Amino acid sequence: MENFRRGGDSNDLSYLQKPNTKRFVFIFIMMFFSFYSVNFFGRFLLVELLLFIVFLFHSVEGKIAPTTKRLKPLVGLLMLALIGQIFVDMISGTLPISMLKGFSLILFTLTNLYGVSLLTKFRPMEIRVALLGYSLGGLAGFFLQPTTYARSEIWKFGIGYPVTLTILVLISLPLFGRFRFLPLVSLALLSAVSLTLGARSLALFTLLPLFFLKYNKSTRIVNNARIFPALLIISIVIFAFSSVYSNLAENGSLGVKAQSKYLAQTSSGGNIIINSRSELIFAARGIADSPILGHGSYAEMSPELRIKILNFLEKAGIHYDMAPLNRIYGDRIPVHSMLLQWWLWFGAVGMLFPLRLGFLYIKSLRIRNREPVFYYLALSGMWNVLFSPYGETYRILIPLTIVMLLSLGKSLHSDSSSDD
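For the record, in the sequence shown the residue sitting at position 333 is 540 according to this note's numbering, with numbers rising by one throughout.
(1) Per DSSP, which residues does E457 bridge with? Please list them.
(2) Just reading off the alpha helix (DSSP H) that S587 is part of, what are its end residues?
(3) Do you know offhand how far I574's Cα is from L586's?
(4) Go through its chain and collect everything with a Cβ distance to R230's Cβ below 8 Å, but skip five positions before and after it.
(5) Can you give the Cα-Cα distance for L346 and V376, rounded to whole angstroms?
(6) Could you give the residue range of the alpha helix (DSSP H) that holds L252?
(7) Kindly indicate the opening and closing residues of the alpha helix (DSSP H) around N319.
(8) For L257, collect the residues of the same chain with a Cβ closer than 7 Å to its Cβ; drop the 5 residues on either side in sequence, then sort them by chain order.
(9) List the endpoints of the continuous beta strand (DSSP E) containing N576.
(10) Could you give the DSSP three-state label for E450: helix, strand or coil?
(11) Looking only at its own chain, which residues have a Cβ that is under 6 Å from the Cβ of Y243, when we skip the five neighbours before and after it?
(12) Taking M558 as the reference, which of L564, W549, M286 has the closest Cα?
(13) Buried or exposed: which applies to D538, given that a residue is buried once 16 or more other Cβ atoms fall within 10 Å of its Cβ?
(14) Buried or exposed, going by whether 16 or more other CB atoms sit within 10 Å of the CB of P641?
(15) Less than 8 Å between C-beta atoms, sequence neighbours within five positions excluded: which residues of the same chain meet that for L326?
(16) Taking contact to mean 3 or more Cβ pairs, one atom from each stretch, closer than 8 Å, check whether the segment 381-396 and the segment 429-445 are in contact.
(17) Are the beta-carbon atoms of A506 and L551 separated by less than 7 Å?
(18) Quick check on DSSP: helix, strand or coil for V542?
(19) Could you give the C-beta distance for P390 and P273, rounded to a whole number, given that I count them as a contact under 8 Å?
(20) So, are the CB atoms of L444 and L470 less than 7 Å apart?
(21) Alpha carbon to alpha carbon, what distance is there between F560 and L284?
(22) Under a Cβ-count criterion, where at least 16 other Cβ atoms within 10 Å of its own Cβ denotes burial, should S614 be classed as buried or exposed?
(23) In whole angstroms, give me the CA-to-CA distance for M611 and F329.
(24) Nearest-angstrom Cα distance between S241 and I494?
(25) Just to confirm the assignment, what range does the beta strand (DSSP E) spanning N533 have?
(26) Sorted by chain position, which residues of the same chain lie with C-beta nearer than 8 Å to K468's C-beta, five sequence neighbours on each side aside?
(27) How many angstroms separate the CA atom of G554 from the CA atom of N533?
(28) Using DSSP's beta-bridge definition, name the partner residues of E333.
(29) Going by other Cβ atoms of all chains shown within 10 Å of its Cβ, with 16 needed for buried, is R358 buried or exposed?
(30) At what residues does the beta strand (DSSP E) containing K359 begin and finish?
(31) Starting from V245, follow its DSSP beta bridges and name the residues at the other end.
(32) Following the continuous alpha helix (DSSP H) through K363, name the residue where it begins and the one where it ends.
(33) S485 and M545 look like a contact to me (Cβ under 8 Å); what is the Cβ gap, rounded to whole Å?
(34) Would you kindly work out how many angstroms separate the C-alpha atoms of N210 and S449, rounded to a whole number?
(35) Return the Cβ separation of N504 and M306 in integer angstroms, given the expectation that the two are a contact with Cβ distance under 8 Å.
(36) Does DSSP put E507 in a helix, a strand or coil?
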């Protein structure tokens, strides 16, 4: 398997071609505007409209068949989710505005995936340029169009993610390949900064690639045999990270704010992950109430379901302050997980796309890669499927990650391919 730094698919020799500067500039500028959003039946990014135009242009020209073949079965599952969304919303009596928002969420996910694929042509250098444009656009967005959350926690919700992604993309360039310890030092420093500034998940997923980079040097295991050791590494690192963080936060070593947050999340009983993602309980209970059909786009919480959830929390001895959730979600069922969100909104068929996406991330661990950005996106992608809501930023980041993983070639499509 060719290194992502060098060119991905062993049958693709595009990395030997003379760089197309105009194409790189075009891709960079397009992805840079990922920060700019417009409100039209929901919040949409300008880049989504541009990617939609790219998709339409290639469709009219009849040039999407090879891309469709390479994106299977993800395209099929998105189409299935779209059909499920229409059916569920119609029988659930979903409000027209919510139905339109749910439809556009899936549609733009599909066209974004096509658009990014057609734009980058699965070529590693084009993908790096797209990621760099996306990350620097996110950084510009903090200054030009900041959110309320970004203002309240600058690193965690503002500049932390784009700065991290920018650095990891830059050190993946061939220019920095001669600096052997640069990736390790960069990851360690970024993890320490994120942990100090209260961005726990960001700290964890800049720490994990360190172990995979070392693991690649210490083993010759390839293909599916790598997956179990990789998952074991993830489990051990997460357990160790959680223990260290708990001790540091509890005794105040990370500051008063981190200490207060930790104590608040552990004082109500239950696991810290569940307490920091209380929406998971509400979403899971909503799914249990209708596991096949779900509750429709932007699922509303009925009075009966609210009573069931509150009774469950009371029996479990878990006490939440409902005011923040009511302020954020209103009458909607709280959900903070892409997997549960698609299941809750679009029914069981909707759940299949994020589930397949999670398997793609896990399967990518069988590849022996030396790119920090590869592991960062694959590992954080697993977390996002389980514990992050599917908003407008992920509608761009997930297609970029999918295309990056698939650019590594046949190792994600065949059990017999070699990774080295």
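Even for Gly, the Cβ is constructed at its ideal location relative to N, Cα and C. As the structure is a computational prediction, the values presented were derived from the model and not from experiment.
A quick look at the data gives this:
(1) Per DSSP, none; premise fails for E457.
(2) Per DSSP, the continuous alpha helix (DSSP H) segment holding S587 begins and ends at 579-594.
(3) Rounded to whole angstroms, I574 and L586 show a C-alpha spacing of 13 Å.
(4) Here the set comprises E333.
(5) In a straight line, the C-alpha of L346 is about 14 Å away from that of V376.
(6) L252 -> not in any alpha helix (DSSP H); beta strand (DSSP E) instead, spanning 250-252.
(7) Run containing N319: 303-327, per the alpha helix (DSSP H) assignment.
(8) Same-chain partners within the cutoff: M237.
(9) From DSSP, N576 is part of no beta strand (DSSP E); its letter is neither H nor E.
(10) Rather than Glu, the amino acid found at residue 450 in this sequence is Ser. Secondary structure at S450: helix, using DSSP grouped into helix, strand and coil.
(11) Correct list, in chain order: L253.
(12) Nearest of L564, W549, M286 to M558, Cα basis: W549.
(13) Label assigned to D538: exposed.
(14) The shown model of the chain, from 208 to 627, leaves out residue 641, and the question about it has no answer.
(15) Excluding sequence neighbours, L326 sits near I234, M237, L258, V261, E333, A337.
(16) In short, these stretches do not touch, since the Cβ pair count stays below three.
(17) Cβ atoms of A506 and L551: closer than 7 Å.
(18) If DSSP states are grouped into helix, strand and coil, V542 belongs with coil.
(19) In this structure P390 does not touch P273 by the C-beta definition: roughly 33 Å separates them, more than the 8 Å allowed.
(20) Strictly speaking, residue 444 in this sequence is Val, with Leu absent from that position. 7 Å or more divides the Cβ of V444 from the Cβ of L470.
(21) Between the alpha carbons of L284 and F560 lies a gap of roughly 5 Å.
(22) Classification for S614: buried.
(23) C-alpha separation (whole angstroms): 7 Å.
(24) Whole-angstrom Cα-Cα distance: 32 Å.
(25) Element bounds for N533: not the beta strand (DSSP E) but the alpha helix (DSSP H), 529-536.
(26) The residues are G405, A456.
(27) Approximately 24 Å between the Cα atoms of the pair.
(28) Looking at the DSSP assignment, E333 forms no beta bridge with any residue, so it has no partner.
(29) So R358 counts as exposed.
(30) A small fix is needed here, since residue 359 is Ser in this sequence, not Lys. From DSSP, S359 is part of no beta strand (DSSP E) but of the alpha helix (DSSP H) over 355-359.
(31) The bridge partners DSSP lists for V245 are F251.
(32) Careful: K363 lies outside any alpha helix (DSSP H) and carries neither H nor E.
(33) Contact doesn't hold; Cβ gap of about 17 Å is too wide.
(34) For N210, the predicted structure reports a pLDDT of 47, less than 50, and the residue's modelled location is therefore unreliable. A value from the coordinates is still provided. Using only the alpha carbons, I get a separation of about 32 Å.
(35) According to the sequence shown, residue 504 is Ser rather than Asn. Contact holds; Cβ gap of about 6 Å.
(36) In the structure shown, E507 sits in a strand (DSSP, three-state: E or B).
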